[in-house]
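Some notes on the structure that comes next.
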Amino acid sequence: MENIQQRGHLLTEQINPNSQNLDQLSTVELVDLFNTEDAQTLKAIAQARIELAQAIDVTSKALGKGGRLFYVGAGTSGRLGVLDAAECPPTFCTHPDMVQGIIAGGAAALVRSSENLEDRPQDGAEAIAGRKVTEKDVVVGISAGGTTPYVHGALNAAKQRGATTIAMSCVPAEQVPIIVDIDIRLLTGPEVLAGSTRLKAGTVTKMALNILSTGVMVKLGKVYGNRMIDVSVTNSKLYDRALRILEELTELSRQEAVELLDRSGKRVKLALLMHWTGVDAEGGQLLLDNHQGNLRTALETSRNS
């Protein structure tokens, strides 16, 4: 552990004056304190709104042209990236390769602490090389304190390969400069438990990733109104949701929705297009393919033809 980097000046490592008597609070007071401090996450998202919007725009354009989105992190940050990536296929029926999470230590680090592995920038670079990242891809480096060597190694390697790079951290730029295409700073202040960035920093990171991935999928046409029309119908809960979407948007009966969903091969977006235009499943899928899967533009073309 030679040449240990001094990190006490970082916002995420500082002492929170509001929680200095944390071990003396009643249980209700402790909960109230957390609740008050967590309000900082909403302010942090608001202050980063422009950068988040930029990230959504560049990522949706990249994915629309066949690129991929990679989240890279270690510890809590890495786990949150893997979680967000894992939730995209069932929610938006994306291919598992489209959004990928990379965590220092690999799959084992998801359930067992391996934070010591975050100190190897070469491992981050190797992870990027191993996934054959190109100029078509987007790489988001997630590091609450902004200093994680693994993440910096990955971002530097991604830049060398021409990928779009995005940083997501919870410290001011003047404390830790990061040279990337888009720099998202989520400033939630010192943690209730000093240095425990799985708290506010982890919460605001999850919020930002929710906004980023959902915003990207909206831009890619995987949402109609506020319905997840590309939902993957893989269990009874999602089957019920698919049927309810059809019932709500078409005013079909439950049984009629079941029959329509079956005829579409359990593809909600296609089922809606079939119902609204009268095309069969094959014709509807061709129409969607010609419009990059966007239901609204496919509908407009059909109505104007």
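Those letters in the sequence shown? Residues 1 to 305, per the UniProt record's numbering, in order.
All C-beta atoms, glycine included, are put in the ideal place defined by N, C-alpha and C.
Supposed close pair residue i, residue j - CB separation, criterion 8 Å
i, j, result
"PHE70", "ILE50", "That belief does not hold up - the Cβ atoms of PHE70 and ILE50 are roughly 23 Å apart, past 8 Å."
"PRO190", "ASN304", "PRO190 to ASN304, Cβ: 57 Å. No contact."
"LEU260", "THR277", "That belief does not hold up - the Cβ atoms of LEU260 and THR277 are roughly 13 Å apart, past 8 Å."
"VAL231", "LEU220", "Actually they do not touch by this definition, with Cβ atoms about 14 Å apart."
"VAL180", "ILE166", "6 Å"
"THR41", "THR197", "Actually they are not in contact, since the Cβ atoms of THR41 and THR197 sit about 13 Å apart, beyond 8 Å."
"LEU199", "LEU193", "6 Å"
"SER302", "LEU287", "6 Å"
"ILE245", "VAL268", "6 Å"
"ARG254", "GLU248", "Incorrect: roughly 11 Å between the Cβ atoms, too far for contact."
Bridge partner(s) assigned by DSSP for residue i
i, result
"ARG185", "SER169"
"LEU273", "For LEU273, which the question treats as bridged, DSSP gives no partner whatsoever."
"ILE229", "According to DSSP, ILE229 bridges with nothing at all."
"THR301", "In DSSP, THR301 forms no bridge with anything."
"TYR239", "None; TYR239 has no bridge partner."
Same chain, Cβ closer than 8 Å to residue i, neighbours up to 5 away in sequence not counted
i, result
"LEU30", "LEU22"
"GLU2", "Unreliable placement is indicated for GLU2, whose pLDDT of 48 sits below 50; no coordinate value is reported for it."
"ALA173", "ASP183, ARG185"
Exposed unless 16 or more other CB atoms sit within 10 angstroms - verdict on residue i
i, result
"ALA242", "buried"
"ILE229", "buried"
"GLY265", "exposed"
"PRO149", "buried"
"GLN20", "exposed"
"SER60", "buried"
"GLN100", "buried"
"THR164", "buried"
"GLU282", "exposed"
"GLY284", "buried"
"THR27", "exposed"
6 Å Cβ shell around residue i - same chain, five flanking residues per side excluded
i, result
"ILE128", "ALA154, ALA157, ALA158"
"GLY215", "ILE56"
"THR250", "HIS275"
"LYS206", "LEU80"
"VAL84", "For the sequence presented, residue 84 should be read as Asp rather than Val. LEU209, SER213."
"ASP137", "GLY67, ARG68, ALA163"
Same chain, Cβ closer than 7 Å to residue i, five either side skipped, listed in chain order
i, result
"SER143", "GLY73, SER77, VAL151, SER169"
"MET217", "PHE92, VAL223"
"ARG7", "GLU13, GLY145, THR147"
"ALA62", "LYS136, ASP137, VAL138, THR164"
"ASN294", "GLY221"
8 Å Cβ cutoff, residue i in contact with chain C
i, result
"PRO90", "The structure shown contains no chain C, having only a single protein chain."
- Task: Enumerate, from N- to C-terminal direction, the unbroken beta strand (DSSP E) stretches of 3 or more residues contained entirely within the stretch 35 to 113.
- Result: 69 to 73, 99 to 103
- In the stretch 121 to 176, which residue ranges form an unbroken alpha helix (DSSP H) of at least 4 residues, counting only runs that do not cross its ends? Counting whole runs of 4 or more residues, the stretch 121 to 176 contains the alpha helix (DSSP H) stretches 121 to 130, 149 to 160.
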